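The sequence shown maps to residues 986 to 1300 in the working numbering.
Since the structure comes first, as structure tokens, the remarks are kept for the end.
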Amino acid sequence: MECDYIFVSHAHLDHLHRTRIKRTRPKVIASNATSKIACTRGYELGNLCYDHGFHLLDTGHILGSIGLLIADQLYYTGDISIRKRAFMKPALIPKAKVLIIESTFGREEYVFPKIESVMHEANILISEMYHQGRPVVLLGYPLGKAQILTQLFHHWEPLFVEDSILVMNGLYSDLGVSISVHKRYSLAEKEGLLSSDKPWILIAPLNSCKNGFLSHIKKKYAPITIGFSGWAVKPGYKYLLGLDHCFPFSDHCDYNELIKVVEICGPEKVYTVHGFDAEFANSLRSLGFDADPIQKGKNRDENKSNNSTMLKDWC
Ligand SMILES: [Zn+2]
Ligand SMILES: [Zn+2]
């Protein structure tokens, strides 16, 4: 593809692509943090450009995530959250004539509970497990969610962090986020600090449900597993992932928050992208906005896309 600029909103893998270098290399727009995290994940973004006319706004999704405002007219959100979560601040939302907004959770049923009540319930559950002398595994996707979980649950001792997550925690710390330091899982195992008859906590990647890591842990230590994801709004989610418990907790806006973003931005035209794009555009039209999915007529096998999207929540 020939283009002048490439915008990289953040360093989740569904937003990073390797492009073949053409005759003229496009300029890359991204935050420094995104460039550093992408580099750690094996994607070299090259020199970043800061041309006049582009404004980059924090979108509160993961460290370094930004939205792109072009000439004060068009705003693309990338992935966005307007909820404060541990060290993550809510997104900044500009006024714009045209808004391109992500719609991952753009369906009415996806309304998330307050973080405080999720924390309250999760802490009660963990304290019951500590009382019974059982280990607990907390699962979230490895970049973004796992760092927030590390911070939100750092008061539990002992707390260990799966090795790949610890690398990301270190990167967050290098980039200026105050995140508590914990022992890596492999070292704890080597030192014999883990056992099935005493309580400890492990922060692990949600995708470990599929790669065998979690089944290894479950077989060896019989912990209870608690997942954190926006998809947990769906009752079937924990069964789909084979978890004991799960809580709706997301780094994206829920349905009401998406509407709030549109209202604050006050656009003349809205385009929706990702997830429930057609459904969210419909909802916006019923609220009086001129809205369409950016990709019209894409293949919508609802159940299939629903389940596979839920399982993909590990970027
Ligand atoms: Zn993302
Ligand atoms: Zn995404």
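Positions of the beta carbon are idealized from the N, C-alpha and C atoms, including for glycine.
Note that the structure is a prediction, hence the values are computed from the model and not measured.
Approximately 5 Å separates the beta-carbon atoms of Lys-1254 and Asp-1275; this is inside 8 Å, confirming the contact. Placement of the Cβ of His-1002 at a distance of 8 Å or more from every heavy atom of ligand 2 is found. In this structure, Leu-1191 lies near Ser-1214, with their beta-carbon atoms less than 9 Å apart.
Annotated three-state conformation of Ala-1189 is strand, per DSSP.
Selection around ligand 1 by beta-carbon proximity, strictly under 5 Å to any non-hydrogen atom, yields His-997 and Asp-1064 in chain order. The C-beta of Ser-994 has 16 or more other C-beta atoms within 10 Å across all chains shown, which makes the residue buried. Inclusion of Met-1114 and Leu-1137 in the CB contact set at 9 Å is not warranted, their separation being larger than that value. At least one heavy atom of ligand 2 lies less than 8 Å from the C-beta of Glu-1087.
If you check the C-beta of Asp-999 against ligand 2, you find a heavy atom less than 8 Å away.
Per the DSSP secondary-structure output, Cys-1231 pairs in a beta bridge with Gly-1212. Residue burial is scored here from C-beta neighbours: Ile-1109 has fewer than 16 other C-beta atoms within 10 angstroms and is therefore classed as exposed.
At least one heavy atom of ligand 2 lies less than 8 Å from the C-beta of His-1259. For the stretch 1111 to 1195, the continuous alpha helix (DSSP H) assignments of 4+ residues that do not extend past its boundaries occur at 1130 to 1137, 1148 to 1159 and 1170 to 1175, in sequence order.
C-alpha of Leu-1272 to C-alpha of Val-1247: approximately 11 Å in a straight line. Counting the other CB atoms within 10 Å of its CB gives Thr-1210 a total of 16 or more, which places it among the buried residues. If you look at Glu-1242, you'll find it in the alpha helix (DSSP H) that goes 1240 to 1250. Counting C-beta pairs with one atom in each stretch, the stretch 1073 to 1089 and the stretch 1052 to 1063 have three or more that are closer than 8 Å, which means they touch. In its chain, beyond the 5 residues on either side, Val-1247, Val-1255 and Ala-1276 have a beta carbon closer than 7 Å to the beta carbon of Leu-1269. Take Ala-1131, set aside five residues on each side of it, and the residues of its chain with a beta-carbon closer than 6 Å to its own are Gly-1125, Ile-1150 and Ile-1188, in chain order.
The Cβ atoms of Ala-1018 and Leu-1042 do not sit closer than 9 Å to each other. A residue is called buried when at least 16 other Cβ atoms come within 10 angstroms of its Cβ; Cys-1231 meets this threshold and is buried.
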